[in-house]
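Letter 79 of the sequence shown, counting from 1, is numbered 155 in my numbering, and no numbers are missing.
These notes are about the structure you will find just below.
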Amino acid sequence: MAVVKWDPWQEIEDMFDRYTRAVGWPRRGAPGVEPGSKADWAPRVDISETDAEFSIKAELPEVRKDDVKITIDNGVVTLQGERKQETEQKGKTFHRVERYYGSFSRSFALPDNIDDAKARATFHDGVLTLQIPKRERAQPKGVEIRVE
Numbered sequence: 077m078a079v080v081k082w083d084p085w086q087e088i089e090d091m092f093d094r095y096t097r098a099v100g101w102p103r104r105g106a107p108g109v110e111p112g113s114k115a116d117w118a119p120r121v122d123i124s125e126t127d128a129e130f131s132i133k134a135e136l137p138e139v140r141k142d143d144v145k146i147t148i149d150n151g152v153v154t155l156q157g158e159r160k161q162e163t164e165q166k167g168k169t170f171h172r173v174e175r176y177y178g179s180f181s182r183s184f185a186l187p188d189n190i191d192d193a194k195a196r197a198t199f200h201d202g203v204l205t206l207q208i209p210k211r212e213r214a215q216p217k218g219v220e221i222r223v224e
């Protein structure tokens, strides 16, 4: 399994972001707010496993599949992309904007028995489904050593 470095400052920043969203304060990526150094929002995901594969489903409403990038590197799956905000149009005033816009990035460490070369992704009705097959774990071979 890949080792992912724990960043306590990122956890504190994430906790503060959740709090500011709950009380309605401006958030990173909002107009007039300095953009965050990382992602502006994070899509919700479900990760499941069967005997044959891992499956990751991510909710990406109003994100085009061309705006999504998926990489697998050393057992770490990364979903990146961007949801673009509707620009204000003449004669149209927004009274409330609660949905998140901007870039996103989510990374997940998976065990070392994944076959990343056979991974496949589909995008349907705003849900990205990534299926990563498992490969057989190498069985340890016993070696007899002769004593001379």
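Just so it is clear, CB atoms sit at the ideal spot from N, CA and C, and this is done for glycine as well.
In this structure Asp122 is in contact with Lys133, their Cβ atoms being roughly 5 Å apart against a cut-off of 8 Å.
CA-CA distance, Thr126 to Thr154, rounds to 20 Å.
Relative to Gln207, the option among Asp201, Ala197 and Val173 whose CA is nearest is Ala197.
Straight across, the Cα-Cα distance linking Asp83 with Ser181 is about 15 Å.
Collapsing the DSSP output to three states places Lys194 in a helix.
For Gly178, the uninterrupted beta strand (DSSP E) segment begins and ends at Gly178 to Ala185.
Beyond the five residues adjoining it in sequence on each side, Ala128 comes within less than 7 Å, by CB distance, of Pro209 and Lys210 in the same chain, given in chain order. For Thr163, no beta strand (DSSP E) encloses it, and the DSSP letter there is neither H nor E. A distance below 8 Å separates the beta carbons of Gly202 and Glu135. Selection Asp192, Lys160 and Asn189 evaluated against Val139 yields Lys160 as nearest (Cα-Cα).
A residue is called buried once 16 or more other Cβ atoms fall within 10 Å of its Cβ, and Phe92, having fewer, is exposed. Residue pairing of Phe130 in beta bridges, as defined by DSSP: Glu125 and Ile208. C-alpha of Arg213 to C-alpha of Asp90: approximately 36 Å in a straight line. A residue is called buried once 16 or more other Cβ atoms fall within 10 Å of its Cβ, and Pro119 is buried on that count.
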